[in-house]
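In the working numbering, the protein residues as written are 202 to 568.
All C-beta atoms in this analysis are idealised placements derived from N, C-alpha and C, irrespective of residue type, glycine included.
So, in structure tokens, the structure goes:
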């Protein structure tokens, strides 16, 4: 016993008594051996009862050093315990996050770079109306999905921006969603990052914005919106932008002769023709009364007349309305952006050019 730490003495005695109580019994135990220099090492001992063996008549003890083995086992046990605690903490954090996310008055979700939903709160399920929606694609209008997918891909990339927002249409309904996303976690430069996001129904907001930016009668941009668009091209100093000031000659005769309902119908038809004749990137606005403004970007030098030609062609046919028809003729004034332009000078050149054309039209009618 003197070779072993005294804290093992009781256990060693119990093992010894157990082994010697019956012939042939064996038992193992672990104990720390004390060296003369005060250091210790751990051994595993196997006691074998050979007292009934006439050739032995003893209890045999076999011991081997397990110091390194025990150290490795303790390290594994510590690691396993740390892993267990980490998993427990992760589960607890997940549960707490889920409870917290359900308190947020917005649809919150977590996704990877492909749009697969990894987590969603109850407001998400309420918003999309389908607890089985497992991908963003399930709730986004097909024509908007490419934009959303591109946004997620850029955000999830190792060197992508931190956050981004987009408005999109809902699949299978007229609702409009506002989607805000943010990449989370540090990137190691090679793997993608998860993305968290929130989605809100902004249908009413977009409707109000549309009403604020568009003319109620024709659906074109209103005066304030086209002026804002003009300011946008001027602030960047672009010289490839052409504006067309369009005034309908003789429109007053429609109102006077057929009534304002007929006049309104003419304005709606003119608006539709202008919108269809021009490029999707061109801005078309009702500036006031029977005046329209068209803002065209990326117009090469000398190509201004092409803008006027498209407008003239669009207005070439009669416009039918209840009680009659009217042949629209427009005076079109063109102006190209110049260095130092402000909105007033830009519009003034187009307006002046329009009146020059109108005088020619008037002279032709009176001659």
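Check                                                                                                                                                                       : Outcome
Excluding the 5 residues flanking residue 562 on each side, which residues of the same chain have their C-beta closer than 8 angstroms to its C-beta?                       : 450, 530 and 532
Applying the 10 Å Cβ sphere with the 16-neighbour rule, what's the burial state of residue 480?                                                                             : exposed
Taking all protein chains shown into account, decide if residue 488 is buried (16 or more other Cβ within 10 angstroms of its Cβ) or exposed.                               : buried
Among residues of its own chain, excluding the 5 on either side of residue 440, which ones have a beta-carbon nearer than 6 angstroms to its beta-carbon?                   : 538
Can you tell me the Cα-Cα spacing of residue 224 and residue 260, whole angstroms?                                                                                          : 10 angstroms
By DSSP, does residue 420 sit in helix, in strand, or in coil?                                                                                                              : coil
Please report the straight-line C-alpha distance between residue 459 and residue 510, rounded to a whole angstrom.                                                          : 29 angstroms
Give the straight-line distance between the Cα atoms of residue 423 and residue 416, rounded to the nearest whole angstrom.                                                 : 5 angstroms
Do residue 442 and residue 508 have their C-beta atoms closer together than 8 angstroms?                                                                                    : no
For the structure I just gave you, are there three or more beta carbon pairs, one from the segment 458 to 477 and one from the segment 547 to 560, closer than 8 angstroms? : no
With a cut-off of 8 angstroms, do at least 3 Cβ pairs link the segment 269 to 286 to the segment 309 to 320?                                                                : no
Taking the DSSP output, what are the residues bridged to residue 444?                                                                                                       : 496 and 536
Is it buried or exposed, residue 466, if we count other Cβ atoms within 10 angstroms and call 16 or more buried?                                                            : buried
Helix, strand or coil: how does DSSP classify residue 308 here?                                                                                                             : strand
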